[in-house]
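Residue numbers (the working numbering): 4 to 293.
In structure tokens, the structure reads:
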């Protein structure tokens, strides 16, 4: 998928950030059903119009994620641009039939894009790229806040040891990183645009994704109804189909195709076919019952 999907947003590091933040608040947030229908349609047809609806409805999610990285000394609009790229990658790779919401899936890609940009761009960071070192880079400030260390003082030896054990890195690594990260976190009450008659703060642009009481009740009723339909539809499957579907999709720990092929004395490809056919049967039955 090409990045042209974001052309209509008029956003780049040179464009006024406050104007961009105001603009994305006008895009509607999709319901779970709307999101599912659009992601299914996009996976089939890859149309620009559908992609645009999905991307714009999640731009506030990017801002919410990026706001957590405002203390790393990089322009916020550049981080938002990188987060938007992660959102595009997520849409291109998302499979709505896996049972997850697109926003949940996109969250990982947004964070990954922003973190990669920070690691590649921040001149103070001269370190390796092991998982432990990345974890230290992005979690040291969070841990200090949890321990009540809100200033930039040097860490005591006991704290250095405690943090090094928590993150599985050396004490010297923690000490060096703490010296590099001695920069104050930006405030959510920081003014974004001083030129406006009514200045906006970062807090004004972070959406509250918590559902209200009506949404929660409607969601619970919908999920209860869907579970009822699913229980009816799954009765159409034979014992082998139900067992394979459960072990592949519903169990906490998914069973591999290899294990199921050995258990049923069939090929892995046949197991996969049974799994997919079972899902199709249930989907058709649920659609007929709904």
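Here a beta-carbon is modelled for each residue, glycine too, at the ideal position from N, C-alpha and C.
field: residue 171 classed as buried or exposed, judged by whether at least 16 other C-beta atoms fall within 10 angstroms
entry: On the chain shown, residue 171 is found 168 positions in, with the first residue counted as 1. Taking all protein chains in view, the Cβ of residue 171 is surrounded by fewer than 16 other Cβ atoms within 10 Å, so the residue is classified as exposed.
message: Please report the straight-line C-alpha distance between residue 21 and residue 87, rounded to a whole angstrom.
response: By one-based count along the chain shown, residue 21 stands at place 18. By one-based count along the chain shown, residue 87 stands at place 84. Roughly 16 Å between the two C-alpha positions.
message: Along the chain, where does the alpha helix (DSSP H) containing residue 100 start, and where does it finish?
response: Against the chain shown, residue 100 aligns to sequence position 97. Taken as a continuous stretch (DSSP letters only), residue 100 belongs to no alpha helix (DSSP H), as it is neither H nor E.
query: Given residue 180, which residues of its chain have a CB within under 7 Å of its CB, disregarding the five upstream and five downstream residues?
result: Indexing the chain shown from 1 puts residue 180 at position 177. The answer, listed in chain order, is 139, 140 and 143.
message: Which residue wins for smallest C-alpha separation from residue 253, given the options 241, 237 and 123?
response: On the chain shown, position 250 is the one that residue 253 refers to. The shortest C-alpha separation from residue 253 is found at 237.
- prompt: So, is residue 112 buried or exposed, given that buried needs 16 or more other C-beta atoms within 10 angstroms?
  reply: In the chain shown, counting from the first residue as 1, residue 112 sits at position 109. So residue 112 counts as buried.
- prompt: Span of the alpha helix (DSSP H) holding residue 264?
  reply: Locating residue 264 in the chain shown gives position 261, counting from the first residue. Start and end: 260-267.
- request: Would you give the residue range spanned by the alpha helix (DSSP H) that residue 39 belongs to?
  value: Translated into the one-based positions of the chain shown, residue 39 becomes position 36. Looking at the DSSP string, the run of the alpha helix (DSSP H) that includes residue 39 is 35-48.
- prompt: Taking residue 243 as the reference, which of 256, 273, 230 and 78 has the closest Cα?
  reply: Counting from 1 along the chain shown, the entry for residue 243 is found at position 240. Among 256, 273, 230 and 78, the Cα nearest to that of residue 243 belongs to 273.
- prompt: By Cβ distance below 8 Å, which residues in the same chain neighbour residue 117 in space, the five residues on each side in sequence not counted?
  reply: In the chain shown, the residue the question calls residue 117 occupies position 114. Answer for residue 117: 68, 69, 72, 82, 85, 86 and 89, listed in chain order.
- prompt: Can you round the beta-carbon distance between residue 178 and residue 163 to whole angstroms, since I take them to be within the 8 Å contact cut?
  reply: Taking the first residue of the chain shown as 1, we reach residue 178 at position 175. Taking the first residue of the chain shown as 1, we reach residue 163 at position 160. About 6 Å separates the two Cβ atoms, so the contact holds.
message: To the nearest angstrom, how far is the alpha carbon of residue 281 from that of residue 264?
response: On the chain shown, residue 281 is found 278 positions in, with the first residue counted as 1. On the chain shown, residue 264 is found 261 positions in, with the first residue counted as 1. One C-alpha to the other measures close to 16 Å.
Three-way DSSP call (helix, strand, coil) for residue 80 in this model: Mapped onto the chain shown, residue 80 falls at position 77. Helix, per DSSP.
- prompt: Which residues in the same chain as residue 32 place their Cβ atom closer than 7 Å to its Cβ, once the five residues preceding and following it in sequence are excluded?
  reply: Translated into positions along the chain shown, residue 32 becomes position 29. Once the five neighbours on either side are set aside, the close Cβ partners of residue 32 are 60.
task: Using a threshold of 8 Å, state whether the C-beta atoms of residue 110 and residue 54 are closer than that.
output: Here residue 110 refers to the residue found at position 107 when the chain shown is read from its first residue. Here residue 54 refers to the residue found at position 51 when the chain shown is read from its first residue. With respect to the 8 Å criterion, residue 110 and residue 54 are not classified as neighbours on the basis of their beta carbons.
task: Please name the residue, chosen from 77, 104, 63 and 108, that lies closest to residue 92 on a Cα-to-Cα basis.
output: The residue you call residue 92 lines up with position 89 of the chain shown. Of 77, 104, 63 and 108, the residue nearest in Cα terms is 108.
field: residue 243, enclosing alpha helix (DSSP H) - first and last residue
entry: As a position in the chain shown, residue 243 is number 240, starting the count at 1. Taken as a continuous stretch (DSSP letters only), the alpha helix (DSSP H) holding residue 243 covers 242-248.
query: Which value, in whole angstroms, describes the spacing of the CA atoms of residue 58 and residue 37?
result: Looking up residue 58 in the chain shown gives position 55. Looking up residue 37 in the chain shown gives position 34. Approximately 13 Å, taken between the alpha carbons.
task: Use the C-beta contact count for residue 230: other C-beta atoms within 10 angstroms, 16 or more gives buried, fewer gives exposed.
output: Taking the chain shown and counting its residues from 1, one reaches residue 230 at position 227. Around the CB of residue 230, fewer than 16 other CB atoms lie within 10 Å, so the residue is classed as exposed.
field: Residues near residue 65 in its chain [Cβ-Cβ closer than 7 Å; skip 5 each side]
entry: Here residue 65 corresponds to residue number 62 of the chain shown, with the count starting at 1. If we look at residue 65 and ignore the five residues flanking it on each side, its Cβ neighbours are 83, 86, 87, 90 and 113.
field: Inter-residue spacing [alpha-carbon to alpha-carbon] between residue 122 and residue 115
entry: What you label residue 122 is simply residue 119 of the chain shown in a count that begins at 1. What you label residue 115 is simply residue 112 of the chain shown in a count that begins at 1. One C-alpha to the other measures close to 11 Å.
query: Just checking my contact of residue 271 with residue 240 at CB under 8 Å: how many whole Å lie between their CB atoms?
result: Reading the chain shown from its first residue, position 268 is the one you call residue 271. Reading the chain shown from its first residue, position 237 is the one you call residue 240. A Cβ-Cβ separation of about 20 Å leaves residue 271 out of contact with residue 240 under the 8 Å criterion.
Same chain, Cβ closer than 7 Å to residue 106, five either side skipped, listed in chain order: By one-based count along the chain shown, residue 106 stands at place 103. Closer than 7 Å at Cβ, skipping near neighbours: 61 and 64.
query: Between residue 19 and residue 278, what straight-line distance do the alpha-carbon atoms span, to the nearest angstrom?
result: By one-based count along the chain shown, residue 19 stands at place 16. By one-based count along the chain shown, residue 278 stands at place 275. Here the alpha carbons of residue 278 and residue 19 stand approximately 50 Å from one another.
- prompt: At which residues does the alpha helix (DSSP H) containing residue 55 begin and terminate?
  reply: The residue given as residue 55 occupies position 52 in the chain shown. First-last of the alpha helix (DSSP H) with residue 55: 51-59.
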